[in-house]
Amino acid sequence: MKVVEFLVFLSIVLVGVVVGRDQCRFASLYTQNQLYNDPTAQQSFINNVLYWEGNFHQHLVGINAESAYTYDGHTLDYATGELHSPLHTFSAPSKESIHLGMMANALTGKTSTGFDASIFFHQSVDNSSSSDPFDNVITTLTRKITTYENFNKQFPGYGGFMPWVSVNNTGIYPLPGYWSERVPGLDNGEMIWGMYAVIQALKAYSDQAALLQRYQAYLDLLTQNAKTIFYTNPGWINAVTHIDNIYAQPTPSNYQNDCNCFLDDPYEGEMLTVYMDLYCQWDNITERDQLWINKRALLQSVEFQSPEGNITVQRGWWFSSHEQWKYLMLPYRDIDINRRVFENGERARTYFSNMNQYPGLFASVNNVTQPNTYDPNYDGATGIQEIAFESIQTNDVFTPYGSYPLFLVQDVGMSLGLAWYYNMISAPAMQNQYGSTESGSNQGDLICPLLTWDSKITTVLAMMGGAVDLNRNGLTVDNKINRFYQVIEREWTLAFPVLNGENIDFQLPPVSVPKVLNDFTTCSN
Ligand SMILES: *[C@@H]1O[C@H](CO)[C@@H](O)[C@H](O)[C@H]1NC(C)=O
Ligand SMILES: *[C@@H]1O[C@H](CO)[C@@H](O)[C@H](O)[C@H]1NC(C)=O
Ligand SMILES: *[C@@H]1O[C@H](CO)[C@@H](O)[C@H](O)[C@H]1NC(C)=O
Ligand SMILES: *[C@@H]1O[C@H](CO)[C@@H](O)[C@H](O)[C@H]1NC(C)=O
Ligand SMILES: *[C@@H]1O[C@H](CO)[C@@H](O)[C@H](O)[C@H]1NC(C)=O
1 MKVVEFLVFL SIVLVGVVVG RDQCRFASLY TQNQLYNDPT AQQSFINNVL
51 YWEGNFHQHL VGINAESAYT YDGHTLDYAT GELHSPLHTF SAPSKESIHL
101 GMMANALTGK TSTGFDASIF FHQSVDNSSS SDPFDNVITT LTRKITTYEN
151 FNKQFPGYGG FMPWVSVNNT GIYPLPGYWS ERVPGLDNGE MIWGMYAVIQ
201 ALKAYSDQAA LLQRYQAYLD LLTQNAKTIF YTNPGWINAV THIDNIYAQP
251 TPSNYQNDCN CFLDDPYEGE MLTVYMDLYC QWDNITERDQ LWINKRALLQ
301 SVEFQSPEGN ITVQRGWWFS SHEQWKYLML PYRDIDINRR VFENGERART
351 YFSNMNQYPG LFASVNNVTQ PNTYDPNYDG ATGIQEIAFE SIQTNDVFTP
401 YGSYPLFLVQ DVGMSLGLAW YYNMISAPAM QNQYGSTESG SNQGDLICPL
451 LTWDSKITTV LAMMGGAVDL NRNGLTVDNK INRFYQVIER EWTLAFPVLN
501 GENIDFQLPP VSVPKVLNDF TTCSN
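In full-length UniProt numbering, the protein residues as written are 1 to 525.
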């Protein structure tokens with residue numbers, strides 16, 4: 001390498017790694033234009049995201065380091081941005097999905113998008129002042145599988161699947177009340193593909209064979225019990241299953257669907273359907289195909305009317321970004337028709353906010369609260385009314401993770417995702433010492449002072465490319481990929497004979513959020 005080349009190389013490395021490490025309010029070191037156009041700035045920015053969001057991965061913040069289970073999240077002080085009670089001492093397998101997905105990426109050394117995801121794990125899980133991120137991941141994975149195994153020993157009636165739980169140093173316990181006798185399908189489908197990704201990633205380490213074997217054994221347990229717990233003949237998968245005795249070994253008579261509710265959605269709930277179709281025992285192909293036939297009613301084509309013409313999209317429940325979770329986990333976008341429908345949806349998402357002068361994007365999230373109040377409502381019903389099944393309650397509150405699906409758009413995803421993510425975290429008090437903040441008002445006067453896996457780390461995972469490459473490899477090795485492709489191609493081709501609007505440009509944020517509220521005192525310029 002010549003001296004000049006070396007200096008250029010060095011400056012790229014320095015920009016890429018070092019700038020921003022002393023400044024949690026690092027968004028102000030960049031411009032939207034830079035993040036849209038300049039790969040070096042993108043890399044530097046995302047390394048800062050990994051670093052600062054990594055502060056969420058600490059004992060009694062985003063995880064319990066001893067049981068290595070996620071906590072749903074933690075409240076922040078409205079003015080200072082320091083930790084404030086309460087810690088959300090509960091969690092669910094959906095949070096595990098993201099945590100597992102991030103660890104799987106960290107094990108790859110370099111993600112499909114070219115990043116070192118282990119930066120996210122820079123905080124010690126052992127009370128030591130310094131520790132190696134890789135060791136933190138292995139320690140966390142080891143403690144986590146112990147927690148899973150213990151949960152299954154103590155509550156075998158769940159068949160290894162997990163309800164909403166309370167989390168402490170000794171492990172996880174079904175939340176009293178509803179979930180002490182029920183188990184949800186949707187969250188467990190999300191978690192399965194996170195575990196699956198970890199298994200694929202561990203295969204690269206011959207010295208981790210024992211850990212790999214424990215994760216594989218746990219996944220095998222889920223595979224073995226999935227139909228007994230979640231299947232209702234013909235072709236239905238329960239959204240929630242009631243368990244008569246959570247201390248009994250799984251037998252069919254221990255389970256009933258007492259809500260008449262099924263995972264017939266073409267959104268997050270589909271992840272359990274995909275897994276069961278591919279890995280459970282079925283008598284014949286007709287039986288398996290019935291799973292997909294039962295889902296057809298909700299897989300609908302609908303037109304989003306933009307000023308430049310119609311954009312054909314898949315109708316959303318609310319069209320909340322949360323609904324695109326499966327794109328973090330599975331190689332849907334390998335199938336051209338599915339990718340084109342997905343991208344049209346994201347096209348519409350950016351158009352909707354742009355044409356309405358909204359500074360950000362929408363996803364189910366905790367609502368903003370009045371200054372110095374800490375009692376947010378969860379606003380599930382946010383998204384895009386025109387292309388949703390259900391009523392939207394509000395478009396007053398944006399959340400950074402509204403942007404995560406944009407990162408998965410082919411070619412322009414990184415630029416597009418960063419432009420919107422940047423616009424949202426640049427708003428008042430939307431950055432803190434633990435990364436991004438839950439949500440903010442369009443007017444810039446209110447925030448939700450909270451950290452959660454959903455609102456924060458979905459986007460970090462999307463920046464890594466999700467767990468898609470790892471899971472594609474696994475499905476290929478297991479000889480399951482062709483069936484997956486065939487089903488997705490068939491179903492999306494059936495539902496989308498025509499796609500309008502593919503030539504319409506994705507849109508950028510039309511306005512920034514007014515600087516009304518002060519930044520957190522611990523994270524201001
Ligand atoms: C670290 O030390 C604190 C205080 O002694 C303790 O409460 C905590 O459980 C320890 N373990 C971890 C993993 O942080
Ligand atoms: C953890 O929670 C369970 C269930 O509430 C409880 O029985 C157990 O004593 C707790 N352990 C610790 C160390 O707090
Ligand atoms: C497929 O298997 C199901 C469940 O055992 C059975 O009811 C059905 O008759 C079978 N169909 C065909 C076409 O073999
Ligand atoms: C656009 O979509 C709307 C709503 O489905 C429809 O009424 C209209 O005819 C479409 N316009 C064109 C030009 O296709
Ligand atoms: C969200 O909170 C704000 C501020 O307290 C309140 O005005 C608004 O009505 C809430 N919106 C919803 C949908 O709960």
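Where a beta carbon is used, it is the ideal one built from N, C-alpha and C, also for glycine.
{"Check": "Please report the distance separating the alpha-carbon of R143 from that of L470.", "Outcome": "22 Å"}
{"Check": "Just to confirm, are D264 and K227 a CB contact at a threshold of 9 Å?", "Outcome": "no"}
{"Check": "Determine the contact status of F151 and G177, defining contact as a CB-CB distance below 9 Å.", "Outcome": "no"}
{"Check": "If contacts are defined as beta-carbon pairs under 8 Å, then Y255 and I229 qualify, I think. What distance do you get, rounded to the angstrom?", "Outcome": "5 Å"}
{"Check": "Output the distance between the C-alpha atoms of P449 and V513, rounded to the nearest integer angstrom.", "Outcome": "17 Å"}
{"Check": "Let me make sure I understand the geometry here. Which of F496, S253, T458, V468 has the alpha-carbon closest to that of S403?", "Outcome": "T458"}
{"Check": "Which residue comes first and which comes last in the beta strand (DSSP E) that contains T493?", "Outcome": "Element bounds for T493: not the beta strand (DSSP E) but the alpha helix (DSSP H), 481-495."}
{"Check": "In chain order, what residues have a CB nearer than 7 Å to some heavy atom of ligand 5?", "Outcome": "N367, V368, T369, Q370, N377, D379, Q393, T394, D396, V397, L446"}
{"Check": "Would the segment 104-112 and the segment 379-398 be scored as touching if the rule is three or more Cβ pairs under 8 Å?", "Outcome": "no"}
{"Check": "Using the beta-carbon of each residue, find all residues closer than 6 Å to any heavy atom of ligand 3 and list them in chain order.", "Outcome": "D283, N284, T286, E287"}
{"Check": "With distances taken between CB atoms, is the gap from R340 to F496 smaller than 9 Å?", "Outcome": "yes"}
{"Check": "At a cut-off of 8 Å, would you count E303 as near ligand 4, judging by its Cβ distance to the nearest heavy atom?", "Outcome": "yes"}
{"Check": "Give the DSSP bridge partners of H88, in chain order.", "Outcome": "G73"}
{"Check": "I145 and Y215 look like a contact to me (Cβ under 8 Å); what is the Cβ gap, rounded to whole Å?", "Outcome": "6 Å"}
{"Check": "Contact between the segment 55-72 and the segment 157-173 is defined here as three or more beta-carbon pairs at a separation below 8 Å; is this criterion met?", "Outcome": "yes"}
{"Check": "Closest by CA to Q507, which one among E308, Y196, T113?", "Outcome": "E308"}
{"Check": "Report the rounded CA-to-CA distance for S11 versus P39, giving the unit in angstroms.", "Outcome": "Bear in mind that the predicted position of S11 carries a pLDDT of just 46, short of 50, making it unreliable; the figure below should be weighed with that in mind. Looking at the two C-alpha atoms, the distance is approximately 14 Å."}
{"Check": "Output needed for residue 546: all residues of its chain with C-beta closer than 7 Å, excluding positions within five of it in sequence on either side, in chain order.", "Outcome": "Examination of residue 546 is not possible in this model, given that the chain is present from 1 through 525 alone."}
{"Check": "Any chance you could list the alpha helix (DSSP H) runs of at least 4 consecutive residues sitting entirely within the segment 140-194, in chain order?", "Outcome": "none"}
{"Check": "Does the beta-carbon distance from K456 to E53 come in below 9 Å?", "Outcome": "yes"}
{"Check": "What I want to know is whether the C-beta of Y173 ends up closer than 8 Å to one or more non-hydrogen atoms of ligand 2.", "Outcome": "yes"}
{"Check": "Is the segment 190-197 in contact with the segment 120-133, if contact means three or more CB pairs nearer than 8 Å?", "Outcome": "no"}
{"Check": "As a quick exercise: from F56, N47, S44, pick the residue whose alpha carbon is nearest that of Q433.", "Outcome": "F56"}
{"Check": "Report yes if the C-beta of T452 is less than 8 Å from at least one heavy atom of ligand 6; otherwise report no.", "Outcome": "This structure simply doesn't include ligand 6; it includes ligand 1, ligand 2, ligand 3, ligand 4 and ligand 5 instead."}
{"Check": "Count the other CB atoms, across all protein chains shown, that sit within 10 Å of the CB of L35; report buried if there are 16 or more and exposed otherwise.", "Outcome": "buried"}
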